[in-house]
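Participant: Protein chains in written order, with our numbering: chain A, 81 to 348; chain B, 194 to 851. From the three backbone atoms N, C-alpha and C, an ideal C-beta is built for every residue, glycine too.
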Amino acid sequence: MTGQNRKDMGRNGWLMRTRDLNLSFGGVTALQQIDVNVGHSEILAIIGPNGAGKTCLLNCLSGFYRPQTGQIYFCDQEITHLKPHKRAGIGISRTFQGVQLFLGLTVIDNLLTGRHIYMKTNVIQNFLYRHWTHREEMCERHKVEEIIDFLEIRHIRHKLVESLSYGLRKRVDLGRALAMEPKVLLMDEPMAGMNLEEKEDMARFVIEIRKIKDIPIVIIEHDMQVVMDISDRIYALNWGHIIAEGKPGEIKKDQEVIKAYLGEKLSK
Amino acid sequence: MTNRVGPEKNLGNLSAILGDGIETLPQLLIYQARQIGDRVFYRKKLFGVWQHYTWNDVLEQVKTFAMGLVSLGVKRGETVALVGENEPELFWSEYAAQAIGAKVVCLYSDLTPPQMEYMFIHSDTITVVCEDQEQVDKILKLENKIPAIKTIIYWNDRGMWNYKNPKLIPFQQVQEIGREYIQQNSDSFEKAVSSGKGTDTALLSYSSGATGLPKGCIITYKNLFDMVFRVTNAISLKPFSQYLSYNSLSWCLEQIFGIAIGVSLPFVINFPEEPETVIENLCEMGIECIVLTPRQWEGLASMVESKMAYAGAIRRWFYKWALAAGQKNNLALLEAKKIPFGSRLRYLLSDKTVLYPLRSNLGLQNAYLAISSGMGMAPDVFRFFHTIGIRVRNSYGTTEIGPVAMHLDETYDLGSVGKWLNTHSSFGPPLEYKVSDKGELLVRGGSGFAGYYKEEKTEVNKDYKGWFRTGDMMKVTNQNELVYIDRLEDIRPLSIGESFAPQFIENRLRFSTFIRDAITILDGNKLSVAALININAATVGPWAEHRKIRYTTFTDLSQNSKVRELIKIEIEKINHFLPEKLKIKFFINLPKELDPDEDELTQTQKLRRCFLEQKYATFISAISKGETEFKAEVPIKYRDGRNSVLSTTVYINDLIQE
């Protein structure tokens with residue numbers, strides 16, 4: 081565990097936690113009494129059938145939705161009312177289910193947008209383009225190139241995102257999240273719509289990010305094979321409730337989970 | 194060689210360098226580093242920026258790694274295997290192993306574990322230097338079968354965190370061990386290098402295995418320098434030319450250019466970032482010398498052609514106009530014809546506006562030496578590159594003897610493999626050739642052939658009254674240029690007279706942008722020629738989309754009636770130039786792509802003809818029976834070892850004129 085991460089850990093050993101989270105849209109209850117803990121350097125999967133509230137939970141963590149009641153803590157600091165861009169600033173980074181990139185920009189430029197929070201020069205300085213701007217650009221570009229190297233997207237670095245396949249766009253999306261040097265990475269269905277090879281690559285990247293960056297990764301995924309293979313701990317959701325929590329082996333055997341996925345009749 | 198030599202002495206003059214007592218490559222590396230230590234030797238793109246390595250940097254890396262190998266117990270005469278893409282570490286490992294007197298064997302990085310196993314065992318490998326996790330996994334899979342391998346060194350540690358096998362050791366750690374060893378034995382590296390002899394085995398170069406199991410050709414330093422001399426004597430190469438190292442070191446020609454000429458001329462060696470970025474890297478590097486296989490040249494030509502096919506009408510018109518001007522000017526130059534003033538003017542204009550930008554887009558605007566080698570290439574491909582101003586020269590050689598013929602000077606026949614090369618008298622008798630009664634090319638002279646590893650008997654068979662039998666059928670033109678026909682064993686007689694050389698037709702078929710590969714065969718009654726076509730999905734796919742032809746898989750696309758019609762037209766174009774009896778009468782589009790992993794091609798993309806004839810025997814018999822379609826079952830092997838059968842209806846198409 082690196083010194084920085086140790087310092088960031090909450091008093092009770094969790095980097096991020098939610099307490100009694102409730103979210104509803106009009107009469108529809110999306111999340112009910114959700115208590116989730118995210119530990120240090122773990123791959124935490126959130127599973128559940130369609131409409132279970134997985135993405136809602138992730139949106140609450142990243143600040144896109146604000147829960148009606150309950151609290152969210154990050155490094156023991158309450159962030160329930162913090163705006164999404166402020167959360168990005170303190171180290172919460174995410175990828176999206178549908179890719180949300182700048183289609184008309186190149187891969188490098190898209191990744192550089194992830195470095196925006198670290199850039200200190202202002203518009204006028206950039207317009208003048210003196211040595212300080214040049215130095216900053218060199219430094220940020222190097223960081224971005226490290227990510228390009230890591231995600232093996234060297235061959236597309238100058239390509240416009242709109243010309244890329246879906247699998248590669250997902251990888252660029254992940255790259256942008258990494259460019260922010262997050263303390264926790266939230267990934268919403270990173271493998272949806274991918275072929276087997278792309279899924280294997282993405283799973284490898286997730287494992288390597290945990291190993292190299294030493295950060296926790298919260299991942300929502302439908303592919304059970306992938307979830308069972310790479311995650312350390314799993315929360316299973318159904319109808320806005322947590323129905324099970326545990327290691328992959330335990331979740332596989334959990335009756336509630338089997339019922340939620342296969343229906344009551346079949347599970348018997 | 195201990196004396197310090199003057200600044201840039203003997204640069205580019207191999208015979209003078211050898212006259213200074215240099216016998217091996219590592220000796221030459223030290224010799225050059227003493228003179229030009231601060232000059233750039235390697236360029237490699239790291240994190241998006243081109244990094245330089247000077248001669249001193251390279252020597253330091255080699256020195257520490259070599260002594261690291263000694264500390265790990267590698268002894269003179271033992272074998273070190275190298276597996277990986279072309280990267281500086283691969284080259285350092287080769288110099289380092291050779292510096293301590295070990296011989297090197299290079300393996301293609303995409304070999305499957307069983308293919309690797311044969312080479313490891315046959316070459317008596319005791320240490321492997323490999324690139325990354327992928328290679329390590331393959332080698333560890335074989336661990337029980339190759340107990341002789343004591344150490345596995347890797348230079349890319351990504352993903353290697355959880356590997357606990359005691360045989361594994363990172364490249365950098367070996368260098369650390371080497372540094373400690375040098376501290377205790379300060380001149381150990383120089384001593385090891387200076388005890389090398391010209392007759393030592395530098396490497397085992399495995400032949401492509403097109404006709405059976407690969408054979409390990411022994412290449413000594415004397416052989417290597419002889420081969421270098423033949424090339425540098427024939428073509429004037431400028432020292433410090435920018436060279437692209439793209440082909441695997443397992444290929445003997447890359448050993449000659451990338452390693453041996455690289456050190457002796459020397460070249461500035463540029464490593465592409467990765468195989469997918471070669472074209473982009475080429476544009477950035479300003480390459481001056483490049484050696485590619487016919488497949489790679491064909492790939493470049495087909496890329497340009499297919500991109501232009503979908504360009505706008507105005508751009509297409511300009512392109513065609515420029516090609517016509519280029520053809521008139523450049524092809525006339527080849528034949529030493531006088532060019533009218535108008536044509537020259539038109540060429541000048543077209544070169545400035547279209548051809549130069551086209552060469553720049555390919556990154557070959559500075560290329561003064563472009564070589565095609567490995568097997569035959571259609572004259573049309575050569576003609577295309579000459580037209581756009583890239584003078585691609587053909588060359589011919591064998592792994593055993595090295596390069597022996599090449600397009601020289603300014604005028605040569607594009608259908609030939611060029612004129613005979615000369616060697617220096619210090620390497621042995623003059624390099625000579627003769628064509629036997631059967632048409633086979635026989636070679637003797639130079640430093641000779643040192644033999645196959647562990648196969649003395651075969652060497653005697655190959656040795657034919659002092660001549661080395663190449664097994665290749667050749668013809669000599671009036672201008673003393675050699676024309677390659679085919680492998681002698683592949684020539685088949687037609688029952689109606691005339692002999693049939695498959696490669697002659699296949700090379701021409703491959704010039705079509707829509708045909709990636711072709712196997713020409715005789716039908717069962719040896720009456721007519723038929724072709725199995727591997728369509729080029731990269732060009733046929735967009736062609737079909739453009740015409741709103743729906744398809745799902747490669748199999749579906751290949752058997753589509755409109756695609757079959759397209760291939761038919763392409764074959765008819767080639768048939769037009771073939772003698773009546775050799776015209777292709779039937780063809781089948783293969784329902785799957787040919788793949789080296791399934792032993793259908795060699796790693797250098799040559800066809801494994803005997804294997805293919807067996808695998809596709811049902812196709813051939815269906816043609817003989819005169820069927821129009823049949824249910825084919827083709828076995829498929831996946832990379833992870835799974836087997837499956839592709840079962841589909843395959844159509845036989847005839848080209849018989851009504």
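By the 8 Å beta-carbon criterion, what residues does the region 490–501 of chain B contribute toward chain A?
Facilitator: none
Participant: Specify the secondary structure class of A731(B) as computed by DSSP and reduced to three states.
Facilitator: Counted from its first residue, the second sequence places residue 731(B) at position 538. A731(B) falls in the helix class under three-state DSSP.
Participant: So what's R234(A) in DSSP terms, helix, strand or just coil?
Facilitator: To locate residue 234(A), count along the first sequence from 1; it is residue 154. DSSP places R234(A) in helix when its eight states are reduced to three.
Participant: Hey, could you find the ends of the alpha helix (DSSP H) E280(A) is sitting in?
Facilitator: If you number the first sequence from 1, residue 280(A) lands on position 200. From DSSP, the alpha helix (DSSP H) with E280(A) extends over L276 to K293.
Participant: In the DSSP output, what is Q151(A) paired with across the bridge?
Facilitator: Numbered from 1 along the first sequence, position 71 holds the residue referred to as residue 151(A). For Q151(A), which the question treats as bridged, DSSP gives the partners R99(A).
Participant: Under 8 Å, with one C-beta from each stretch per pair, do the region 183–194 of chain A and the region 118–131 of chain A reach the 3-pair mark?
Facilitator: no
Participant: When burial is assigned at 16 or more other CB atoms within 10 Å of the CB, is N700(B) buried or exposed?
Facilitator: Here residue 700(B) refers to the residue found at position 507 when the second sequence is read from its first residue. Classification for N700(B): buried.
Participant: Do the region 762–770 of chain B and the region 517–533 of chain B touch if we need at least three Cβ pairs shorter than 8 Å?
Facilitator: no
Participant: Apart from the five residues just before and just after Q520(B), which ones in its own chain have a Cβ nearer than 7 Å to its Cβ?
Facilitator: Within the second sequence, numbered from 1, the residue matching residue 520(B) stands at position 327. Only T580 meet the Cβ criterion.
Participant: Going along the chain, which unbroken runs of the alpha helix (DSSP H) with 4 or more residues stay wholly within the region 211–273 of chain B?
Facilitator: 218–229 and 248–264
Participant: Looking at the structure shown, is N130(A) part of a helix, part of a strand, or coil, going by DSSP?
Facilitator: Along the first sequence, read from residue 1 onward, the residue named residue 130(A) stands at position 50. If DSSP states are grouped into helix, strand and coil, N130(A) belongs with coil.
Participant: So, does the CB of T425(B) fall closer than 8 Å to a CB anywhere in chain A?
Facilitator: Working through the second sequence from its first residue, we reach residue 425(B) at position 232. False, the Cβ-Cβ gap to chain A never drops below 8 Å.
Participant: Let me know the beta strand (DSSP E) ranges lying completely inside the region 584–670 of chain B, each 3 residues or longer, listed in chain order.
Facilitator: 585–591, 595–599, 625–628, 633–637 and 660–669
Participant: I'd like to know whether the C-beta of W354(B) is nearer than 8 Å to at least one C-beta of chain A.
Facilitator: To locate residue 354(B), count along the second sequence from 1; it is residue 161. Yes, because at least one Cβ of chain A sits closer than 8 Å to the Cβ of W354(B).
Participant: Against chain B, with Cβ distances strictly below 8 Å, would G93(A) count as a contact?
Facilitator: As a first step, residue 93(A) must be located in the first sequence, where it is residue number 13. Chain B, which has no Cβ nearer than 8 Å to the Cβ of G93(A), makes this no.
Participant: Return the Cβ separation of A289(B) and L262(B) in integer angstroms, given the expectation that the two are a contact with Cβ distance under 8 Å.
Facilitator: Your numbering for residue 289(B) matches position 96 in the second sequence. Your numbering for residue 262(B) matches position 69 in the second sequence. Contact holds; Cβ gap of about 6 Å.
Participant: Just to make sure I have the definition right: I need the residues of chain E whose C-beta is within less than 9 Å of the C-beta of I228(A). Which are they?
Facilitator: No chain E is part of this structure, whose protein chains are labelled A and B.
Participant: Of all the CB atoms in chain A, is at least one closer than 8 Å to the CB of T470(B)?
Facilitator: To locate residue 470(B), count along the second sequence from 1; it is residue 277. Yes, T470(B) counts as interfacial toward chain A.
Participant: Hey, would you say A259(A) sits closer than 8 Å to V306(A), going by beta carbons?
Facilitator: Position 179 of the first sequence holds residue 259(A). Position 226 of the first sequence holds residue 306(A). No. Outside cutoff.
Participant: Can you tell me where the alpha helix (DSSP H) with K333(A) in it begins and where it stops?
Facilitator: Counting from 1 along the first sequence, the entry for residue 333(A) is found at position 253. Taken as a continuous stretch (DSSP letters only), the alpha helix (DSSP H) holding K333(A) covers P328 to K333.
Participant: Note down the Cα distance separating K237(B) from I123(A), rounded to an integer number of angstroms.
Facilitator: By one-based count along the second sequence, residue 237(B) stands at place 44. By one-based count along the first sequence, residue 123(A) stands at place 43. Spanning the two alpha carbons is a distance of roughly 35 Å.
Participant: Which residues in the same chain as Q205(A) place their Cβ atom closer than 7 Å to its Cβ, once the five residues preceding and following it in sequence are excluded?
Facilitator: Your numbering for residue 205(A) matches position 125 in the first sequence. The answer, listed in chain order, is W212 and T213.
Participant: I think S311(A) touches I300(A), with their Cβ atoms under 8 Å apart; what is that distance to the nearest whole Å?
Facilitator: Taking the first residue of the first sequence as 1, we reach residue 311(A) at position 231. Taking the first residue of the first sequence as 1, we reach residue 300(A) at position 220. S311(A) to I300(A), Cβ: 11 Å. No contact.
Participant: List the residues of chain A whose Cβ lies closer than 9 Å to the Cβ of E467(B), in chain order.
Facilitator: Here residue 467(B) refers to the residue found at position 274 of the second sequence. Chain A residues near E467(B): E232, R234 and H235.
Participant: Quick one: grab the DSSP three-state call for R703(B).
Facilitator: Here residue 703(B) corresponds to residue number 510 of the second sequence, with the count starting at 1. In this structure, R703(B) counts as coil in the three-state DSSP scheme.
Participant: Quick check on DSSP: helix, strand or coil for T486(B)?
Facilitator: As a working mapping, residue 486(B) is identified with position 293 in the second sequence. The answer is coil: DSSP assigns T486(B) none of H, G, I, E or B.
Participant: Could you round the C-beta distance between Y549(B) and N522(B) to whole angstroms and report it? I think they count as a contact, below 8 Å.
Facilitator: Residue numbering aside, residue 549(B) sits at position 356 when the second sequence is read from its first letter. Residue numbering aside, residue 522(B) sits at position 329 when the second sequence is read from its first letter. Wrong, their Cβ atoms sit about 13 Å apart, outside the cutoff.
Participant: Is the CB-CB distance between F418(B) and Y436(B) below 8 Å?
Facilitator: For this step, residue 418(B) is matched to residue 225 along the second sequence. For this step, residue 436(B) is matched to residue 243 along the second sequence. Not closer than 8 Å, so no.
Participant: I need the DSSP call for T821(B), collapsed to helix, strand or coil.
Facilitator: By one-based count along the second sequence, residue 821(B) stands at place 628. Here T821(B) sits in coil by DSSP.
Participant: Indicate whether Q798(B) and R488(B) have their beta-carbon atoms separated by less than 8 Å.
Facilitator: As a working mapping, residue 798(B) is identified with position 605 in the second sequence. As a working mapping, residue 488(B) is identified with position 295 in the second sequence. Cβ distance < 8 Å, so Q798(B) and R488(B) count as in contact.
Participant: Within 8 Å (strictly less), CB to CB, does E301(A) reach chain B?
Facilitator: Your numbering for residue 301(A) matches position 221 in the first sequence. Cβ-Cβ to chain B under 8 Å: no for E301(A).
Participant: Whether or not the region 257–271 of chain A and the region 170–182 of chain A are in contact is what I'm after, with contact meaning three or more pairs of Cβ atoms, one per stretch, closer than 8 Å; do they touch?
Facilitator: Flag = yes, the region 170–182 of chain A and the region 257–271 of chain A touch.
Participant: Express the C-alpha separation of V676(B) and K668(B) in angstroms, rounding to a whole number.
Facilitator: Counted from its first residue, the second sequence places residue 668(B) at position 475. Counted from its first residue, the second sequence places residue 676(B) at position 483. Cα to Cα, K668(B) sits roughly 5 Å from V676(B).
Participant: Just tell me which of A316(A), G320(A) and G329(A) has its CA closest to the CA of E336(A).
Facilitator: What you label residue 336(A) is simply residue 256 of the first sequence in a count that begins at 1. Selection A316(A), G320(A) and G329(A) evaluated against E336(A) yields A316(A) as nearest (Cα-Cα).
Participant: Output yes or no for whether 8 Å exceeds the beta carbon distance between L248(A) and I228(A).
Facilitator: Counting from one through the first sequence, the residue named residue 248(A) turns up at place 168. Counting from one through the first sequence, the residue named residue 228(A) turns up at place 148. In this structure, I228(A) does not lie closer than 8 Å to L248(A) by Cβ.
Participant: To be precise: take each residue of the region 276–292 of chain A, compare its Cβ to all Cβ atoms of chain B, and keep it if any distance is under 7 Å. Which residues remain?
Facilitator: E288 and K291
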